[in-house]
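Asker: Each protein sequence line maps, in turn, to chains A and B. Position one of the first sequence corresponds to residue -3 (our numbering), numbered consecutively onward. Position one of the second sequence corresponds to residue -3 (our numbering), numbered consecutively onward. C-beta: ideal position from N, C-alpha, C; glycine also. Note that the coordinates shown come from a computational prediction; the quantities given were computed from them, not determined experimentally.
2 protein chains.
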Amino acid sequence: MPVTTAATFCATLVDEWVRAGVTDAVVAPGSRSTPLAVALTDRPDLRVHIHHDERSASFLALGLGLATGRPAVLLCTSGTAAAHFHAAVIEAHQAEVPLVVCTADRPPELRDVSAPQTVDQDHLYGTAVRWFCDPGVPEEALRATWRSLAARAVADALAPRPGPVHLNLPFRDPLVGEPGALPPGRPDGWPWHVSTTGPTHVAASDLDVLAPLLDSQRGVIVAGAGAGDPLAVHWLAATASWPVLADPRSGCRVPEPTTVGAFDALLRHAGFAADHTPGVVLRLGQPPASKVLNQWLAGSGARQVQVGATAAWIDPEHSAAVRVVADPTELCIALEKRVTGAKGTPWLARWQHAEGQAQAAIDAALRAYQEPTEPAAARTLLAALPTGAVLVASSSMPIRDLEWYGTPRDGVRVLANRGANGIDGVVSTAVGAALGSNAPTALLIGDIALLHDGNGLLGAVGRDIDLTIVVVDNDGGGIFSFLPQASVLPNDRFEQLFGTPHGVDPAALAAVHGIPTLPWDELTDALAKGPGVRLVHVRTDRAANVAVHDDINRAVIAALG
Amino acid sequence: MPVTTAATFCATLVDEWVRAGVTDAVVAPGSRSTPLAVALTDRPDLRVHIHHDERSASFLALGLGLATGRPAVLLCTSGTAAAHFHAAVIEAHQAEVPLVVCTADRPPELRDVSAPQTVDQDHLYGTAVRWFCDPGVPEEALRATWRSLAARAVADALAPRPGPVHLNLPFRDPLVGEPGALPPGRPDGWPWHVSTTGPTHVAASDLDVLAPLLDSQRGVIVAGAGAGDPLAVHWLAATASWPVLADPRSGCRVPEPTTVGAFDALLRHAGFAADHTPGVVLRLGQPPASKVLNQWLAGSGARQVQVGATAAWIDPEHSAAVRVVADPTELCIALEKRVTGAKGTPWLARWQHAEGQAQAAIDAALRAYQEPTEPAAARTLLAALPTGAVLVASSSMPIRDLEWYGTPRDGVRVLANRGANGIDGVVSTAVGAALGSNAPTALLIGDIALLHDGNGLLGAVGRDIDLTIVVVDNDGGGIFSFLPQASVLPNDRFEQLFGTPHGVDPAALAAVHGIPTLPWDELTDALAKGPGVRLVHVRTDRAANVAVHDDINRAVIAALG
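1. Using the Cα positions of B/Ser433 and B/Asp20, report the straight-line distance between them to the nearest angstrom.
2. Which residues share a DSSP beta bridge with B/Phe478?
3. So which of A/Asp547, A/Trp127, A/Asp169, A/Asn470 has the shortest CA-CA distance to A/Leu106?
4. B/Glu135 by DSSP, collapsed to three states: which one?
5. Using a Cβ-Cβ cutoff of less than 6 Å, which residues in the same chain neighbour A/Ala294 once the five nearest sequence positions on both sides are dropped?
6. Which residues in the same chain have their Cβ closer than 8 Å to the Cβ of B/Val18, if we skip the five residues on either side of it in sequence?
7. Comparing alpha-carbon positions, which option in A/Pro94, A/Cys98, A/Gln117 lies nearest A/Pro104?
8. For the segment 520 to 527 of chain B against the segment 203 to 218 of chain A, are there 3 or more C-beta pairs whose distance is under 8 Å?
9. For the segment 478 to 492 of chain B, which residues have a CB atom closer than 8 Å to at least one CB atom of chain A, in sequence order?
10. Quick one: list the residues of chain A neighbouring B/Asn164, beta-carbon separation under 8 Å, in chain order.
11. Checking contacts by CB at 7 Å: is A/Thr420 closer than that to chain B?
12. Whole-angstrom Cβ separation of A/Asp462 and A/Asp443, contact assumed at under 8 Å?
13. Compute the Euclidean distance between the alpha carbons of B/Lys287 and B/Ala261, then round it to the nearest angstrom.
14. Roughly how many angstroms lie between the CA atoms of A/Leu608 and A/His82, to the nearest whole one?
15. Any C-beta of chain A sitting closer than 7 Å to the C-beta of B/Leu71?
16. Please report how far the alpha carbon of A/Gly159 lies from the alpha carbon of A/Gly428, in whole angstroms.
17. Starting from the beta carbon of A/Trp309, find every residue of chain B whose beta carbon is closer than 9 Å, and list them in chain order.
18. Strictly by DSSP, which residues pair up with A/Arg43?
19. In three-state terms, what does DSSP make of A/Ile419?
20. In chain order, what are the residue ranges of uninterrupted beta strand (DSSP E) at least 3 long that sit wholly in the segment 350 to 397 of chain A?
21. Starting from B/Val250, follow the beta strand (DSSP E) in both directions and report where the run begins and ends.
22. Within the segment 420 to 466 of chain A, note down every full alpha helix (DSSP H) run reaching 4 residues or more, in order along the chain.
23. To which residues does DSSP link B/Ile217 through a beta bridge?
24. Rounded to a whole number of angstroms, what is the C-alpha to C-alpha distance between A/Ala223 and A/Asp243?
25. Pop quiz: B/Ser390 and B/Val410 are said to be a contact at Cβ under 8 Å. What is the actual Cβ separation, rounded to whole angstroms?
26. For A/Arg346, which of helix, strand or coil comes out of DSSP?
27. Taking B/Ala322 as the reference, which of B/His197, B/Arg102, B/Glu135 has the closest Cα?
28. Taking only runs of the beta strand (DSSP E) that begin and end inside the segment 283 to 326 of chain B, which ones reach a length of at least 3 residues, in chain order?
29. A/Gly267 lies in the alpha helix (DSSP H); which residues open and close that run?
30. With H, G and I counted as helix, E and B as strand and the rest as coil, what does DSSP make of A/Arg157?
31. List the whole-angstrom C-beta distance separating B/Leu387 from B/Ala438, where the pair is believed to meet the contact cut-off of C-beta under 8 Å.
32. Should A/Thr123 be flagged as near chain C, meaning a C-beta pair shorter than 7 Å?
33. Count the other CB atoms within 10 Å of the CB of A/Val(-1); is the residue buried (16 or more) or exposed (fewer)?
34. Pick from B/Ala266, B/Arg319, B/Ala234: whose alpha carbon is nearest that of B/Trp343?
35. Is A/Arg148 helix, strand or coil when you go by DSSP?
36. Do A/Gly126 and A/Asp152 have their C-beta atoms within less than 7 Å of each other?
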């Protein structure tokens, strides 16, 4: 093979990415992307994952970034291939997941002349990327800039706000070649650029404003994804004598005395909700999914402090009185030193007592069902996972069932695509999370989301993962049964537009991809199988599912009295 | 149900669309889109097709537009759902297929505050749409503008350059309601606006320039998709004594004396190619896929006239001497009146003779194979289709095999997504084409494209179509075996990045969706089955396939002497 500038350029990018800590690349096959695809597979210190469907490939890369905090490099050929990355790019943007997207392109002279597989890839992902760059066809004269390009892509994907970066890379024929000598990197082995993470420390003057709020006698911490170190959060909560209403994704739903997991069910008790209206709310990270919680907070008149590590504006209820851009862990540690707390009042004890009653009532209510229910699937799966496991929860019902009914526990990391809350790409995200975490991984998913990303199963058995896919199969869109559409529309119209039964057997779909299926009562066996992929099929009923939720919520209300 | 402005607004849009000739809508389920989804299904004079996967839904809508020339209305909910339309929107843009894309959105106050399922949908498809409009949350005060909005969406999707239009439609709760009285439409039943198709007639002064060129003794017409009426094209060709090198998608590959179908094979004969270098080329519509043809034309030094009905720039080889924006049919008819032609020279006769020899040589070469080959699958399928049928050909090899080896015939319409030449969405495009054409429809597709749009099979058996899917299954990316990557890279690397075997059995995938599979030797039975969907499985081998193509091309070269 002849030495080509394109091959040297691509080998330089890859060398720089490895220096910058990139460990994984995801490649969707194509011709125009050949120089970079070959350069990626030339490196034994990179794992390269091939996927035929760019959409699934992009969510696999997203899952890698979600699990590791490092950007995966994602590559496709020119044309509409690049458009299939769009949803994952938006999710990476909104969920702040680092990702380096590389789209091969035709050179400028082949654009807008009806040449094949050529589309306008310039700023293809609009406002969703941290940086867009088209460096032009590689030229030797610019070799001194190549390492900067690669290192900056990673740096911008990581800080100050993690997210996707888009490099559009045009190549001319010939597409196959050998790299020549690379431009030298930093002799100390560092990447060409690194970014610091930015000003996320807490200024003393800010603490002066915040600390007095934490002395409220009626405060709650709401911990969502990105809430910071659970130890720091609960330490602050204990000092303040405040409960932590903990989304499972926060990492804070652990067996601590300050943990409240059943907040959704508790706040459905009108009396409890009214009696426990907070005066101050410290919101850490993303909001939980619970509408009941969010509306209770919005209607509380409480002074709400919203804390996030980045400049993202997190306030869907328009209720944040104070917005803090700071590292939540650092903030909790700093505040804890300044807080005296609500000790001597029954505030925290009442939350603790209610949490205990709610958890017992949920258990009792679920024991009444012989057949597996959707809430039980979420609760049981979370409890059954081995320590160190990862649980990926799909939108839209699984993440809610887990949030509403998951028992506090240690040692399981809960991940979900809640940047845009889509049901798309979930299987692939779980495959990526399993690859990135190198840990036993479970996916809790509904049948529609499984079908939507059925291609996520493609090649999964050949990847180095331990993945158990628990599919809650109610043959349609289960969440819609909870919405006004279900009660207002005639049943046939509701089924046509929202129920949307499809009749596809998840086990048959899995079998197409060489994935075995186990029944629900073999869940424990499935989770213990080790490397490989398997599906656990839980058949449920959409109408009955609403009744089950009502049952549980009534049981909690009854327990609270 | 209460009367809501949103319901009235949506019912008005739908009423106007029906007036404007819209017959089909494609809806991907969701909640935010409820007002428009309900309004669409309220109309018994609209067909509404539900699809769980927005990507497949969008290509289904594209297929409807491709087959009918009328825009389908395509609807999804807010969030990343809209991003899954992107590839089909780009294809609709570049292939000039009318399409009205409606994305439901959260209202402005829920944007950019981390509200669920809310992403930046403003100009989401960038430069790929003819018109983007976000009219804001429906307000009664603006009811006089609603019909204009709907009618303009259809008008802009149709003329002067057909393509996609994007309406971003924010809705507030409540999402379910009854429409009140609609604002009155035009009393004559017309839509609020219609557009004329624009200045595509041929000016007399332009004819003065073009007509003398057609008197060249050595001219060829190259007819691609969008070439105009085949009768007009061949009438002009006969008068000029020029051959028509006819892409099957042009409709011009019919049994006329001026038809040359085997141009790719003929031009691989260096002597023939050199002896038949044209002086003038009239290119009608899109370029064919054949690289051999396009490079021969580019290297010919011929004066090339590129004709297209719209302002799109069609000239990947940068060789168009004259660019004509005019209706190709009108142009051919007008030119025919002004041409005297190359009569008395052997030019056309030599092309005709070579075409006859090539077709016979292809037949003979294919008869040598016991097992079905990929060229034979394309040739046989095209020949076997009943009159009135539609054939959808996938990128990347099927469209080429059809172009290179399809025998001229009448009565079959050949469609393909060659705007961006992707292998994406092809199954769904065929489903849409079958729905739109109401005709027996066949799809010729490779295994990778089938897998890529496996979700196109979702619900297909429940739709009112007669569709035979012929899958040429070589367990991987067959076209790459023809590229330099195959000869230069080590075999294991080639297989990893390009060959990419997947091991999925297309018949098993089809069975998941209730679709039966027949062997290749039952093709005729399959095509005669009538309403329903079936798959015909043709197992081939990637390496052998290259040899088969070489064989055929050598046979044609030998026949020419």
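Answerer: In this structure, then:
1. Roughly 12 Å between the two C-alpha positions.
2. Paired residues: none, contrary to the question.
3. Closest option to A/Leu106, Cα to Cα, is A/Asp169.
4. Three-state DSSP puts B/Glu135 in coil, outside helix and strand.
5. The answer, listed in chain order, is Glu313, Ser315.
6. The answer, listed in chain order, is Leu42, Arg66, Pro67, Ala68, Val69, Val96, Val150.
7. Nearest option by C-alpha distance: A/Gln117.
8. Contact fails: fewer than three Cβ-Cβ distances are below 8 Å.
9. Of all residues in the segment 478 to 492 of chain B, Leu479, Pro480, Gln481, Val484, Leu485, Arg489, Gln492 have a Cβ within less than 8 Å of some Cβ in chain A.
10. Chain-ordered listing is empty here: chain A has no CB closer than 8 Å to the CB of B/Asn164, the nearest sitting near 13 Å.
11. It is Asp, not Thr, that sits at residue 420 of chain A in the sequence shown. Yes - at least one Cβ of chain B is within 7 Å of the one on A/Asp420.
12. Contact doesn't hold; Cβ gap of about 23 Å is too wide.
13. Here the alpha carbons of B/Ala261 and B/Lys287 stand approximately 11 Å from one another.
14. Examination of residue 608 of chain A is not possible in this model, given that chain A is present from -3 through 557 alone.
15. It does not: the Cβ of B/Leu71 has no partner Cβ on chain A nearer than 7 Å.
16. So the alpha carbons of these two residues sit roughly 16 Å apart.
17. Taking a Cβ-Cβ threshold of 9 Å, the residues of chain B close to A/Trp309 are Asp108, Val109, Ser110, in chain order.
18. Note: A/Arg43 sits in a beta bridge opposite A/Asp20.
19. If DSSP states are grouped into helix, strand and coil, A/Ile419 belongs with coil.
20. Unbroken beta strand (DSSP E) runs of no fewer than 3 residues, entirely contained in the segment 350 to 397 of chain A, are found at 385 to 389, following chain order.
21. Careful: B/Val250 lies outside any beta strand (DSSP E) and carries neither H nor E.
22. Segments of the alpha helix (DSSP H) lying fully in the segment 420 to 466 of chain A: 422 to 433, 443 to 448.
23. Beta-bridge pairing links B/Ile217 to B/Val240, B/Leu278.
24. Approximately 9 Å between the Cα atoms of the pair.
25. Wrong, their Cβ atoms sit about 12 Å apart, outside the cutoff.
26. Secondary structure at A/Arg346: helix, using DSSP grouped into helix, strand and coil.
27. For B/Ala322, the nearest C-alpha among the options comes from B/His197.
28. Here the runs fully enclosed are 299 to 304, 316 to 321.
29. DSSP places A/Gly267 inside the alpha helix (DSSP H), whose first and last residues are 266 to 271.
30. Residue state, collapsed to three classes: coil.
31. Going by Cβ atoms, the distance from B/Leu387 to B/Ala438 rounds to 5 Å, so yes, they are a contact pair.
32. No chain C appears in this structure, whose protein chains are A and B.
33. Label assigned to A/Val(-1): exposed.
34. Considering only B/Ala266, B/Arg319, B/Ala234, the residue with the shortest C-alpha distance to B/Trp343 is B/Ala234.
35. Helix.
36. It is worth fixing the name first, because residue 126 of chain A is Arg in this sequence and not Gly. Here A/Arg126 is near A/Asp152, since their CB atoms are less than 7 Å apart.
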